[in-house]
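For the working numbering, count along the sequence shown from 1 and bump the result up by 24. The beta carbon of each residue, even a glycine, is placed where N, CA and C say it ideally should be. These numbers were taken from a predicted model, which means no experiment stands behind them.
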Amino acid sequence: MLNIIITNKTRIKLLLKFFLNSDTTSYLRKLSSEFGDSTNSIRIELNRMETAGLLSSKRQGNKKIYRANTLHPLFKDLNSILRKIVGIDSIIEKVALKVGDLKAAYLTGNLARGIDSGTIELILVGEDLDHSYITSLVKKAEKLVNRSISFTIVSSATAPDQLKSTQQLLIWGNPKFK
25 MLNIIITNKT
35 RIKLLLKFFL
45 NSDTTSYLRK
55 LSSEFGDSTN
65 SIRIELNRME
75 TAGLLSSKRQ
85 GNKKIYRANT
95 LHPLFKDLNS
105 ILRKIVGIDS
115 IIEKVALKVG
125 DLKAAYLTGN
135 LARGIDSGTI
145 ELILVGEDLD
155 HSYITSLVKK
165 AEKLVNRSIS
175 FTIVSSATAP
185 DQLKSTQQLL
195 IWGNPKFK
């Protein structure tokens, strides 16, 4: 869908990388390795986005580290568009709001790292969540977002350890979840 609006594939990858999860940071060579694109094509887009104020950067040794400029007037709009395209809003509507004692829902995996993926990986934090009911809700959500959805249910007690080991993005609930 995004490739219809924005025809530059490198720009799409950068938008997903930095604007889906605003905590994401990266540098040129790492992006080139991740995307499989030339450093030159990535550098051109990074420079354009930085000149427009969409990205900010800082020097760290010999690396220039980029991140989304969350103060840019379009940040919230771009984040919202990407969440809709990826399907996060549908997941919240179809799954998170209908599950009983759900404390928090986290996006993990490739999408949390800003890499487009056909699978949405979730960690659901809560007590006594009905696995079969969530599975039926997830199947309905998969049809809406045209992506497969995998989920792991963890208790509030074990969640901090589970979340420590992976990059995640809180998509619903309270990050303290106690």
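Could you pull out every residue in the same chain whose Cβ sits closer than 8 Å to the Cβ of residue i, ignoring the five residues on either side in sequence?
i, result
"residue 179", "149, 150, 151"
"residue 74", "80, 81, 90"
"residue 157", "123"
"residue 170", "111"
"residue 49", "89, 90, 91"
"residue 166", "172, 173"
Determine, using beta carbons only, whether residue i and residue j come nearer to each other than 9 Å.
i, j, result
"residue 30", "residue 44", "no"
"residue 51", "residue 87", "yes"
"residue 66", "residue 78", "no"
"residue 146", "residue 190", "no"
"residue 41", "residue 138", "yes"
"residue 143", "residue 172", "yes"
"residue 120", "residue 196", "yes"
"residue 130", "residue 70", "no"
"residue 127", "residue 183", "yes"
"residue 185", "residue 153", "no"
Got a sec? Which residues, its chain only, sit under 6 Å from residue i by beta carbon, not counting five neighbours each side?
i, result
"residue 46", "92, 94"
"residue 168", "114"
"residue 106", "43, 44"
"residue 96", "77, 78"
"residue 59", "37"
"residue 134", "141"
"residue 103", "43"
Within the continuous alpha helix (DSSP H) that includes residue i, where are the two ends?
i, result
"residue 151", "Per DSSP, residue 151 belongs to no alpha helix (DSSP H) and is neither H nor E."
"residue 103", "99–110"
"residue 64", "63–75"
"residue 185", "183–188"
"residue 36", "33–43"
List the DSSP bridge partners of residue i.
i, result
"residue 81", "90"
"residue 130", "147, 194"
"residue 175", "146"
"residue 49", "91"
Residue i lies in the beta strand (DSSP E); which residues open and close that run?
i, result
"residue 57", "Looking at the DSSP string, residue 57 is not in any beta strand (DSSP E); the run it does join, the alpha helix (DSSP H), is 52–59."
Excluding the five sequence neighbours on either side, which residues of its own chain have a C-beta within less than 7 Å of the C-beta of residue i, listed in chain order?
i, result
"residue 63", "52, 53, 56"
"residue 187", "130, 147"
Counting only C-beta atoms, is residue i closer than 9 Å to chain D at any point?
i, result
"residue 48", "Absence of chain D from the displayed structure is noted, only one protein chain being present."
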